[in-house]
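Shown next, in structure tokens, is the structure this report addresses.
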Amino acid sequence: MSRPYTKGGGPNRADSRRRRKGDYDRDVLTDRGGHNSSWNAKPDRSRRGSRGGSGPPGKGTGGSDNQVPQSTMMTTLLDLLFQKSSSVIFNRESGMLNLSNFSQSQDLTDVRKSVDFNNVTFCRSLVSVIKSHMGSMLRAVAVNDNKITKLSVFLSALVEADLHIGITALSATGNTIDDLSFIGPLKRFVNLGELVLKENPVTRREDYNSSVIQKVKSLMMLDDKVINRAPLRLPNPIPSSLSQLQFQVLYFLEADVFSAAAEGKWDTLTGVYAKNALFSVSRSEEPIACRIPFDAKHKSDTLNPTQRKVMTDDFVFLRKNVPWRNLHVEIHSLRSIACGQTKAVKAINILGGGERKFFSVSHELNGNANVVFLSDNMAVPTCVLTIHGRLFWHWSPIDGGEKIFARDDAPFVSCFFHRTMSLTLDPNGTTWSVHNDMMFLRPDRLLRQESGEKALPMFFANDPMRIEEMRRRYLPQAKTDVMKTIVEAVSSDADVVGFIQNCLAKLPPDQLEIALSASDVMANLLGG
Numbered sequence: 001m002s003r004p005y006t007k008g009g010g011p012n013r014a015d016s017r018r019r020r021k022g023d024y025d026r027d028v029l030t031d032r033g034g035h036n037s038s039w040n041a042k043p044d045r046s047r048r049g050s051r052g053g054s055g056p057p058g059k060g061t062g063g064s065d066n067q068v069p070q071s072t073m074m075t076t077l078l079d080l081l082f083q084k085s086s087s088v089i090f091n092r093e094s095g096m097l098n099l100s101n102f103s104q105s106q107d108l109t110d111v112r113k114s115v116d117f118n119n120v121t122f123c124r125s126l127v128s129v130i131k132s133h134m135g136s137m138l139r140a141v142a143v144n145d146n147k148i149t150k151l152s153v154f155l156s157a158l159v160e161a162d163l164h165i166g167i168t169a170l171s172a173t174g175n176t177i178d179d180l181s182f183i184g185p186l187k188r189f190v191n192l193g194e195l196v197l198k199e200n201p202v203t204r205r206e207d208y209n210s211s212v213i214q215k216v217k218s219l220m221m222l223d224d225k226v227i228n229r230a231p232l233r234l235p236n237p238i239p240s241s242l243s244q245l246q247f248q249v250l251y252f253l254e255a256d257v258f259s260a261a262a263e264g265k266w267d268t269l270t271g272v273y274a275k276n277a278l279f280s281v282s283r284s285e286e287p288i289a290c291r292i293p294f295d296a297k298h299k300s301d302t303l304n305p306t307q308r309k310v311m312t313d314d315f316v317f318l319r320k321n322v323p324w325r326n327l328h329v330e331i332h333s334l335r336s337i338a339c340g341q342t343k344a345v346k347a348i349n350i351l352g353g354g355e356r357k358f359f360s361v362s363h364e365l366n367g368n369a370n371v372v373f374l375s376d377n378m379a380v381p382t383c384v385l386t387i388h389g390r391l392f393w394h395w396s397p398i399d400g401g402e403k404i405f406a407r408d409d410a411p412f413v414s415c416f417f418h419r420t421m422s423l424t425l426d427p428n429g430t431t432w433s434v435h436n437d438m439m440f441l442r443p444d445r446l447l448r449q450e451s452g453e454k455a456l457p458m459f460f461a462n463d464p465m466r467i468e469e470m471r472r473r474y475l476p477q478a479k480t481d482v483m484k485t486i487v488e489a490v491s492s493d494a495d496v497v498g499f500i501q502n503c504l505a506k507l508p509p510d511q512l513e514i515a516l517s518a519s520d521v522m523a524n525l526l527g528g
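Mapping to full-length UniProt numbering: the sequence shown position 335 is 335, numbers consecutive.
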């Protein structure tokens with residue numbers, strides 16, 4: 001079995017017979033059982049296929065899914081403007097893009113009347129050029145003084161281009177925004193920490209502040225005012241350090257639960273679950289996106305319009321048939337819990353697509369598992385554990401008895417999972433049985449990080465985006481590496497705030513200035 005639970009790379013699979021030719025020549029390493037191990041994977045070899053399925057412009061779907069034909073002239077002019085003025089409007093160090101009073105640019109004189117942030121086609125043209133020039137470097141956007149009435153148009157274009165993930169600050173002051181329709185797409189900006197909409201009619205609404213703060217939960221500042229959200233007192237997660245006995249339980253689950261489910265070995269899986277086993281799959285947000293991402297990262301960019309429609313319909317079917325427990329509305333309900341060995345395995349089968357033969361699943365397991373053995377006053381040896389990872393649904397329909405795509409090249413959709421199980425050991429002390437299996441799924445919005453590494457299912461406080469959020473909220477004068485030093489030295493967000501208020505606030509101004517610019521000085525303060 002693969003070893004995703006050993007720190008720093010770990011041993012490779014002991015039984016080489018389980019390997020198949022070509023297993024390692026893949027974007028994400030997958031064993032024969034269909035679960036991916038981050039511990040023994042080779043460096044990523046991302047493969048971008050040529051974009052196909054382009055059709056003529058018009059009312060049809062044409063070159064890409066759900067897109068309106070763009071103005072070639074406008075796109076060309078915008079591209080030339082960005083080439084000429086990139087250093088003026090974009091700060092590469094901070095990731096700040098300034099498009100304020102954009103229509104007054106001399107390079108857009110001939111099309112000034114068409115520079116309209118309320119127009120879908122213009123916004124898509126603009127965002128496509130932004131993506132080609134800035135890409136994942138984009139961190140902050142200013143669209144002040146652009147006569148914007150519907151900010152949602154520009155925001156939706158950013159979401160469609162997958163540029164919203166990295167944006168941490170947005171300013172749209174001096175426009176004519178008069179309603180709250182922008183909140184819908186803005187909720188997708190999961191890393192947005194600061195929003196400035198001053199000098200817009202909408203800010204005079206009585207429900208403006210409360211609506212924005214309540215629905216855009218990542219915000220830390222609104223219109224230059226700090227949002228008073230209590231800092232988390234929960235301790236920050238730390239990497240796992242497991243014993244050999246704990247590893248053995250995880251290896252057992254890798255082989256007999258995750259591999260069996262991926263290979264469709266339902267008899268093997270049934271034997272692992274106890275007669276009275278319970279299984280549930282829960283969610284809050286919809287883990288399977290309603291809008292399927294058709295891009296190279298998900299190996300779906302070359303699908304033609306017909307294939308895209310079929311794939312979308314198939315995932316709609318999957319969403320409707322999985323027996324979710326929606327924790328927003330059904331937290332006390334027991335109706336979606338599978339009771340008994342047979343029903344538990346059937347529910348796992350349905351989660352993987354059920355009888356729809358065009359779906360297959362694989363798992364990517366994270367090494368930061370938690371395993372606890374309960375021994376005090378327990379008549380039967382019991383183990384409770386939590387495993388984190390990513391679940392993949394691979395889509396490969398059958399045509400003429402053959403799958404259209406090989407497993408390695410099949411388009412896929414993924415989500416994060418967190419799975420807590422309770423197991424008991426048989427009287428002979430040789431076999432574990434699963435008695436309770438609770439799975440929680442949540443969206444995987446960032447398949448890969450900016451560095452190209454896989455996005456992790458776990459939260460760690462020293463994640464770069466998290467560090468930037470904390471810096472902007474609590475200590476904006478500090479350099480990023482200084483803020484990282486503080487976060488890594490304490491146990492929780494509340495401790496960060498406590499250190500700032502009880503230590504840094506008492507320093508003389510000259511000493512504080514030095515500490516905020518030098519991580520070694522800050523480390524000495526933390527150590528003292």
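Just so you know, even glycine gets a beta-carbon here, dropped at the ideal spot from N, CA and C.
- Scanning its chain for C-beta atoms nearer than 7 Å, with the 5 sequence neighbours on each side dropped, one finds around V129 the residues T75, L78, D79 and F82, in chain order.
- Assigned with DSSP and collapsed to three states, P201 falls in helix.
- Cβ atoms of N101 and N146 come within 8 Å of each other, at about 7 Å.
- With a cutoff of 9 Å on beta-carbon distance, L242 and V371 are scored as near each other.
- K225 carries a strand assignment under DSSP once its states are collapsed to helix, strand and coil.
- Around S86, the same chain offers H133 as residues with beta carbons nearer than 8 Å, after the five sequence neighbours per side are excluded.
- In the three-state reduction of the DSSP assignment, E488 falls in the helix class.
- Counting only the Cα atoms, A296 lies some 15 Å from K131.
- Fewer than three pairs of CB atoms, one per stretch, sit closer than 8 Å, so the segment 276 to 284 makes no contact with the segment 238 to 253.
- Of D178, H435 and Q307, the smallest CA-CA separation from I398 is found for Q307.
- By the neighbour-count definition (other C-beta atoms within 10 Å, threshold 16), R204 is an exposed residue.
- Scanning its chain for C-beta atoms nearer than 8 Å, with the 5 sequence neighbours on each side dropped, one finds around R233 the residues S492, D493 and A494, in chain order.
- For the pair F182 and A142, the Cα-to-Cα distance works out to about 15 Å.
- The count of Cβ pairs closer than 8 Å, one atom from the segment 336 to 350 and one from the segment 264 to 274, reaches three, so the stretches are in contact.
- The beta carbon of N144 lies closer than 8 Å to those of S100, N101, S171, A172, T173, G174 and N175 in the same chain, with the five residues before and after it left out.
- For H394, the closest of D510, A261, G367 and V361 by C-alpha to C-alpha distance is V361.
- Straight-line spacing of the CA atoms in P185 and S517 works out to 36 Å.
- Residue burial is scored here from C-beta neighbours: K113 has fewer than 16 other C-beta atoms within 10 angstroms and is therefore classed as exposed.
- Under the criterion of beta carbons closer than 8 Å, I288 and R319 qualify as touching, at roughly 5 Å.
- Rounded to whole angstroms, the gap between the alpha carbons of S94 and A523 is 24 Å.
- In the structure shown, the three-state DSSP call for A379 is coil.
- In the DSSP annotation of this structure, the continuous segment of the beta strand (DSSP E) that includes D437 starts and ends at W432 to P443.
- Taking 9 Å as the cut-off, the Cβ atoms of D444 and S433 do not count as close.
- Taking the C-beta atoms as reference points, N118 is found no nearer than 9 Å to T168.
- Judged by beta-carbon spacing, F412 lies beyond the 9 Å limit of S259, meaning their Cβ atoms are not closer than that value.
- Residue ranges of uninterrupted alpha helix (DSSP H) with 4 or more members, entirely inside the segment 70 to 129 and ordered along the chain, are 72 to 89.
- A distance below 7 Å between beta-carbons, with the five flanking residues on each side excluded, links G193 to the following residues of its chain, in chain order: T168, A169, S218, L219, M220, M221, E469, R472 and R473.
- The distance from the Cβ of G340 to that of A277 is about 7 Å, consistent with a contact at the 8 Å cut-off.
- Taking a contact as a CB-CB distance under 8 Å, the pair T420 and H435 does not count as one, their CB atoms being some 12 Å apart.
- A140 is a Cβ neighbour of M96, given a cutoff of 9 Å.
- A distance below 6 Å between beta-carbons, with the five flanking residues on each side excluded, links F405 to the following residues of its chain, in chain order: S396.
- Ranked by Cα distance from S240, the options A161, V482, G367 and M378 are led by G367.
- Secondary structure at L351: helix, using DSSP grouped into helix, strand and coil.
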